[in-house]
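Read through the structure below, which is laid out as structure tokens, and then see the notes.
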Amino acid sequence: MTSSNPSLGFDLHPCAVTESESVKLKHLKHHWLQPLHRWLSSREVHGPRSARWLCKLIPAQCPFERDIQIGAWHWHIPPLCKLNPFYEDLMLLRFRALSFLADECGEDVTPYCR
Numbered sequence: 001m002t003s004s005n006p007s008l009g010f011d012l013h014p015c016a017v018t019e020s021e022s023v024k025l026k027h028l029k030h031h032w033l034q035p036l037h038r039w040l041s042s043r044e045v046h047g048p049r050s051a052r053w054l055c056k057l058i059p060a061q062c063p064f065e066r067d068i069q070i071g072a073w074h075w076h077i078p079p080l081c082k083l084n085p086f087y088e089d090l091m092l093l094r095f096r097a098l099s100f101l102a103d104e105c106g107e108d109v110t111p112y113c114r
């Protein structure tokens, strides 16, 4: 049973979501995160102390991927970092910190790449 409500401007049937409505819903879902995305992407690294701190704070790889084995049973928990809406922003911030240490300070960054 499909009902339509012209005042709402969409069909009330749960399977009747059009592609444009789906795009609008995704946009609304991520809209409130935009200020934090902009803030993270606008951060610049100015000092070696803060660059080292960022490189230690933000892990080089996803820490949540696990393989669990109990007897003959084996479970693989995939990396959940990709579900984090700020994952790419944090990786770029870490990369800027590593680049600052290598380019501006002439530091060896291999200890931070593990």
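All the letters of the sequence shown, read from the start, carry residue numbers 1 to 114 under UniProt numbering.
Idealized CB from N, CA, C, for every residue including glycine.
If we call anything under 8 Å between Cβ atoms a contact, is residue 114 one with residue 60?
Closer than 8 Å, so yes.
If you draw a straight line from the C-alpha of residue 104 to the C-alpha of residue 110, how long is it?
Looking at the two C-alpha atoms, the distance is approximately 16 Å.
Pick helix, strand or coil for residue 32, following the three-state DSSP scheme.
DSSP, reduced to helix, strand and coil, places residue 32 outside both helices and strands of the structure shown, so it counts as coil.
Take the Cβ of residue 66 as the centre, count every other Cβ of all protein chains shown within 10 Å, and call the residue buried at 16 or more, exposed below.
So residue 66 ends up on the exposed side.
With a CB to CB cut of under 6 Å and the five nearest residues on each side skipped, what residues in its chain are close to residue 39?
Nothing listed; no residue qualifies.
Which of the three DSSP states, helix, strand or coil, is assigned to residue 103?
Note: residue 103 maps to helix in three-state DSSP.
Write down every uninterrupted run of the alpha helix (DSSP H) in the UniProt domain "Mo-dependent nitrogenase C-terminal" (33 to 113) whose length is 4 residues or greater and which is fully enclosed by it, in chain order.
You should have 34 to 42, 48 to 57 and 87 to 99.
Ignore the nearest five residues each way along the sequence and tell me which others in residue 87's own chain have a CB closer than 6 Å to its CB.
For residue 87, where only same-chain residues beyond five positions count, the Cβ hits under 6 Å are 81.
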